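>
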Amino acid sequence: MIMTKWPERLQVLRAWRYALLLASLSLAAPLVQASTYIERVLHKPVPGGVAVLNAGQAEQAPEVYVDGQRVMVIKDADGAWKAIVGIDLKTKPGTISLQDNQGLSLHVVVGNKHYKEQHIRLKNQAHVNPDPQQQARFAAEYAAQIQAYSQFRPEGPSNVVFEKPVPGRLSSPFGLRRFFNGEERNPHSGLDLASPQGTPVKAPADGVVSLVGDYFFNGKTVFVDHGQGFITMYCHLSAIDVQPGDSIKRGEVLGRVGATGRATGPHLHWNVSLNNARVDPAIFIQAFQP
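When the sequence shown is numbered by this note's numbering, its final residue is 291 and no position is left out of the sequence of numbers.
1. With DSSP collapsed to three states, give me the class of residue 62.
2. Which same chain residues end up closer than 8 angstroms to residue 260 when comparing Cβ atoms and leaving out the 5 residues on each side of it in sequence?
3. Tell me the rounded alpha-carbon separation between residue 234 and residue 80.
4. Given a cut-off of 9 angstroms on the beta-carbon distance, is the pair residue 72 and residue 169 in contact?
5. Out of 279, 173, 155 and 150, which has the shortest C-alpha to C-alpha gap to residue 63?
6. In its own chain, which residues sit with a C-beta less than 8 angstroms from the C-beta of residue 191, not counting the 5 before and 5 after it?
7. I'd like to know whether the C-beta atoms of residue 206 and residue 251 end up nearer to each other than 9 angstroms.
8. Can you tell me which of 99, 101, 214 and 95 puts its alpha carbon nearest to the alpha carbon of residue 113?
9. Among the residues of its own chain, which have a CB less than 6 angstroms from the CB of residue 277, if the five just before and after it don't count?
10. So, at 7 angstroms on beta carbons, what are the nonlocal neighbours of residue 257 in its own chain, with the 5 sequence-adjacent residues on each side left out?
11. Just the Cα atoms here: how many angstroms apart are residue 226 and residue 40?
12. Please classify residue 196 as buried or exposed, where buried requires at least 16 neighbouring CB atoms within 10 angstroms.
13. Using DSSP with H/G/I as helix, E/B as strand and the rest coil, what is residue 285?
14. How big is the Cα-Cα spacing for residue 167 and residue 159?
15. Would you kindly work out how many angstroms separate the C-alpha atoms of residue 77 and residue 173, rounded to a whole number?
16. Can you tell me which of 93, 88, 66 and 59 puts its alpha carbon nearest to the alpha carbon of residue 82?
17. Check whether the Cβ atoms of residue 143 and residue 100 lie closer than 9 angstroms to each other.
18. Work out the CA separation of residue 107 and residue 139 for me, nearest whole Å.
19. Give the straight-line distance between the Cα atoms of residue 135 and residue 189, rounded to the nearest whole angstrom.
20. Which one of 275, 164 and 147 has the shortest CA to CA distance from residue 212?
21. Please classify residue 246 as buried or exposed, where buried requires at least 16 other C-beta atoms within 10 Å of its C-beta.
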């Protein structure tokens, strides 16, 4: 009979105890499902960001609402319905709740994000302090744009991850606290892309042109409705190549870069809106900065 030496027996006992510990941990730990591509790219739950929430695997898509606004719901690669929720820039950190048409609640914890300041000098003082006639013009234009943002077509978007509508660097980011000639105005609700005058602006997804105008602040502007409250806006254009009601495909030209309206030079101001909340376009081109 061969007797095992005590140090060797101790090593064997330790190995068995370690194996039993690993087994017990694996039984106790919950299974974590790997996130999908859409969740990894779009889920940025901060003010001005986006939340992607699991809305179940029912046969029919649920209707999901936040603050009375209907939310985009699409079927993801894992077979589950995902609610893609725009979080308004004014949202305070904390938990927000959504409801679906089955009476179920969804919740998301909104974190914090610091946005920088930007100081701009404008030669046209009217673009800082409009006179009463200009204010009346702006009020009418603003109402038309808010109406365009609030639309909800049942058809889902062709894609929710974008390519940039124009080439060029990202100049002024979303969420900047903006000061014009020293006076604070609303935070920057879009993303500016520096691109030369006349550069073609391409639709990042299929959609319907919902609004076209030449506005006091935004200059020549195009709105595209991509479906389910997913709206994009393109401002300061030098030329517009579409009309309201036109269907447009991903990659088709809708206008040209310019400097119309309140602009200091040629660039594209690009807005993205979900459930009537303006959110950071950088999220959709995988350029989000926490």
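Even for Gly, the Cβ is constructed at its ideal location relative to N, Cα and C. Every value quoted in this text rests on a predicted model; they were computed, and no experiment measured them.
A quick look at the data gives this:
1. Shown here, residue 62 sits in coil according to DSSP, grouped into three states, outside any helix or strand.
2. 198, 220, 237, 239, 266, 267 and 268
3. Roughly 31 angstroms separates the two Cα atoms.
4. For residue 72 and residue 169, no; Cβs fall outside 9 angstroms.
5. 155
6. 175, 234, 236, 270, 271, 272, 273, 279 and 282
7. yes
8. 95
9. The beta carbon of residue 277 sits closer than 6 angstroms to those of 70, 150 and 151, all from its chain and outside the five residues before and after it, given in chain order.
10. Taken in chain order, the residues that qualify are 199, 200, 201, 202, 238, 239 and 240.
11. 22 angstroms
12. That one is buried.
13. helix
14. 19 angstroms
15. 32 angstroms
16. 59
17. no
18. 37 angstroms
19. 21 angstroms
20. 147
21. exposed
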